[in-house]
Amino acid sequence: MNGLALGWIYVLMALGLTLIFGIMHIMQFAHGEIYMLGAYVVYYLTASLGLPLLTATALSMLVMAGVGLVLERFLFRRLKVDWSSAVVAATGLTLILQSGSVVMFGLYQRNIPLLAQGPFHILGSVVPKDRIVAVAGAVVLSLVLYLFLNLTRYGEAMVASAQNPEGAILQGIGPHRMSALSMGIGCALAAAGGTLAGSLFTLSPYMGLVPLVKGMTIIVLGGMGSLPGAFIAGMVLGLIDGLVPILFGAAWASMGPLILVIVVLVIKPQGFFGHAE
Amino acid sequence: MQNRSSLGISLGWALAVILAIVSPLALSNIYWTSALTRILISVLMAASLRTVYLVGEFSLGHVGFMCLGAYTSALMTLKANLPFALTLPAGGFLAGLTALLLGYPFMRVKGIYFVILTVVTSESLRLLAFNWSDLTGGTDGLIGFPGAGSLSIPILGQVDFGGSNEYYYLTLTVVCASLYILYCLEKSRLGFTWLAIRETDRMAGAVGINVLKYKVINFSAACFFAGIGGALLAHSEQALSALEGASFGIMTTIYLLVYTVVGGKMRFEGPIVGAVVLSLISEFTRPVEEYQPMIIGAIAIVIVMLSPDGLVTIPKRVGLRRLRSFAPKSKAAAKPKA
């Protein structure tokens, strides 16, 4: 169950990353830091202001979406032309945000209130309730994103911009607006993921690195820019994380994602659902 | 003009080497000697990282191969009692071989895809070192393996490299030799092939260059030197840890990338300048250690926004601007900031 919950948190990360990549063609290496900051915002809102968890999460998503807009406007918009400069800027941003939060929040670990308490019985097995709530939350957010992209005007505009930027411009879809939207949504999803992880486990300024790497693995496996690919790859990765340590031991589990990526690359270099460049 | 600038460059190299030889003697401080050793290793890592850029790719997984080289060399001295002169190249070879095997699937993709794959690789290698506790000590790390010990050098005879000053000079020699090899590679036919692939890989393929093969050779060569760097680091610190915050974490990779880009990825001396300048900045800002990554990160962003080709091109750009002020103002030149 841990594996499943983690898998869905990684999917949230991957969705944000793939959305940003699809529109802006930038890999946001500081996404893990957004995830961490989102969790800390929830921590301060619940601990200092005493807001309920749900309100705090919603507020944190809004705040992080704002951060995403600022980053897009003043940093990434200028670097869109050169992906390698953008990588460096994003890694520099990682250093700044991470060390900044070590200074501000300190190194000791903190906790967000639990999502739900007590066990839950399904089919005779006992499952902690908070895991279920976390999975449900992540599923709902992913579904909302899916519906947004497929049913609303703005969502369709984003898909169009990702598929064919020039064509989208000719249809009156501004690329900068779409970039801002993708950064905002991506950062909000990361904040939600961070909150779920922070509630299931603990907060620390370094919590963003693992989900970042997992999120990137997922989008390579699923195919860059493909949402269904991200869902499936996230589930596969979650299963590997959950099952391989039990079956083969921890050393193999650490190699699992790498081996999987190599196998997929040899068979189908674009990932499960990707299309060629 | 060409002659004068090449003379200036050779003078610069000579000055750098002399400075590197003299500085530990002048400082005569064991802390600084080990810090300088670390800087030398960073120089080698950054320079070999730039080698990957010669085929137009970026690697964020260099530190994984460094980890591989470090553990290989350390374990060979610890378990098999082999001399350092053998384990150092062995560390490099294993890293290079792994890169060769991984290169074939990895080099089929380009750009950001490749970057992500290298990140995944380096994290996987680190986690392997972390989780394979029978071999690598796992959480406790690996300690108790010998340093370089005494090696027989052709002219000097038996030399003991146990002390930190001696080890510094050993590192300096290895790093200089490696840099020389990298430089020769870049200026050789192989290097020109790499550049052809970077400029237009399809064209290179069309004139009969086996793009995949040369890219894999490039990746493997770069990772060989990453392995060497790792082995040097292992025997300098004589302790290894695969924890996330230790030498082989993702942060080190980020630092290496920043060194390379801040120095300038287009020129051979770029990563060397970047590694030295930024490492020295890190050393001098040690009193405010918690702000260190912030400073480095801010420098990276400023450089990328203002001078994307790095520090080494700044003198040239200033010179160009001076020239341009005499030239008739064209529309492109008169255009205000981009």
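So the sequences go chain by chain: A and B.
Following numbering that gives the first Met the number 0, the numbering of the first sequence begins with 0 at its first residue and continues without gaps.
Following numbering that gives the first Met the number 0, the numbering of the second sequence begins with 0 at its first residue and continues without gaps.
Ideal Cβ placement from N, Cα and C applies to all residues, glycine included.
DSSP places Leu113 (chain A) in the coil class of the three-state scheme, outside both helix and strand.
A Cβ-Cβ separation of about 32 Å leaves Glu122 (chain B) out of contact with Ile208 (chain B) under the 8 Å criterion.
Distance between Gly197 (chain A) and Ala220 (chain B), taken at the CA atoms: about 42 Å. Check the Cα spacing between Tyr34 (chain A) and each of A:Met63, A:Gly221 and A:Val143: the tightest is with A:Met63. Residue contact check for Ile22 (chain A) against chain B: no CB pair falls below 7 Å. The beta carbon of Ser281 (chain B) sits closer than 6 Å to the beta carbons of Gln291 from its chain, once the five residues preceding and following it are set aside; these are given in chain order. Not a single CB atom of chain A sits nearer than 7 Å to the CB of Pro270 (chain B). In this structure the stretch 268-283 of chain B does not lie against the stretch 73-84 of chain B, because fewer than three pairs of beta carbons, one per stretch, are closer than 8 Å. Residues of chain A whose Cβ lies closer than 9 Å to the Cβ of Met304 (chain B) are, in chain order, Leu74, Arg77, Leu78, Ser84 and Ala88. Along the stretch 97-110 of chain A, the positions whose C-beta sits under 8 Å from a C-beta of chain B are Gln97, Ser98, Gly99, Val101 and Val102, read in chain order. For Ser253 (chain A), a Cβ of chain B is located within less than 7 Å of the residue's own Cβ.
At a cut-off of 7 Å, the C-beta of Val66 (chain A) has no neighbouring C-beta in chain B.
With respect to Leu44 (chain A), Ala55 (chain A) sits close: the two C-beta atoms are nearer than 7 Å. Under the Cβ distance rule, Ile261 (chain A) counts among the residues neighbouring chain B, one pair being separated by less than 7 Å. When rounded, the separation of the alpha-carbon atoms in Leu202 (chain A) and Ala38 (chain A) is 7 Å. In this structure Gly91 (chain B) is not in contact with Gly60 (chain B), their Cβ atoms being roughly 16 Å apart against a cut-off of 8 Å.
When CB distances to chain A are screened at a threshold of 8 Å, the residues of the stretch 283-301 of chain B falling below it are Glu289, Tyr290, Gln291, Pro292, Met293, Ile295, Gly296, Ala297, Ile298, Ala299 and Ile300, in chain order. Bridge partners of Ile142 (chain B) according to DSSP: B:Ala238. Separation of Ile266 (chain A) and Gly15 (chain A) (C-alpha to C-alpha, rounded to the nearest whole angstrom) is 26 Å.
Within the DSSP secondary-structure output, Leu202 (chain A) pairs in a beta bridge with A:Arg109. For Thr216 (chain A), the nearest CB of chain B lies under 7 Å from its own CB, placing it at the interface with that chain.
The beta-carbon of Gly192 (chain A) is placed no less than 7 Å from the nearest beta-carbon of chain B. Across the structure, Met254 (chain A) and Val80 (chain A) are spaced so that their CA atoms are roughly 35 Å apart. Contact with chain B is absent for Val41 (chain A), since none of that chain's Cβ atoms lies less than 7 Å from the residue's Cβ. Leu178 (chain B) sits away from Thr50 (chain B), with the two beta carbons spaced by 7 Å or more. Secondary structure note for Arg72 (chain A): it is in no alpha helix (DSSP H), with a DSSP letter that is neither H nor E. Contact note: Leu116 (chain B) reaches chain A through Val219 and Val260, using a C-beta cutoff of 7 Å and chain order. Identification of chain A residues near Leu256 (chain B) by a Cβ-Cβ cut-off of 7 Å yields Val87 and Thr90, ordered along the chain. Residues Leu226 of the same chain have their beta carbon placed closer than 8 Å to that of Tyr145 (chain A), with the five preceding and five following residues left out of the count. Chain A places a beta carbon closer than 7 Å to that of Pro104 (chain B), counting this residue as a contact.
Rounded to whole angstroms, Leu39 (chain B) and Phe200 (chain A) show a C-alpha spacing of 40 Å. Within chain A, no C-beta atom comes less than 9 Å from the C-beta of Tyr70 (chain B); the nearest is roughly 13 Å away.
The C-beta of Ile17 (chain B) comes no closer than 7 Å to any C-beta of chain A. Restricted to the stretch 115-194 of chain A, the beta strand (DSSP E) segments that are unbroken, complete and at least 3 residues in length are 118-121 and 124-127, listed in chain order. For Trp31 (chain B), the uninterrupted alpha helix (DSSP H) segment begins and ends at Ile29 to Tyr52. Apart from the 5 residues on each side of it in sequence, Asp133 (chain B) has no Cβ closer than 6 Å to any other Cβ in its chain.
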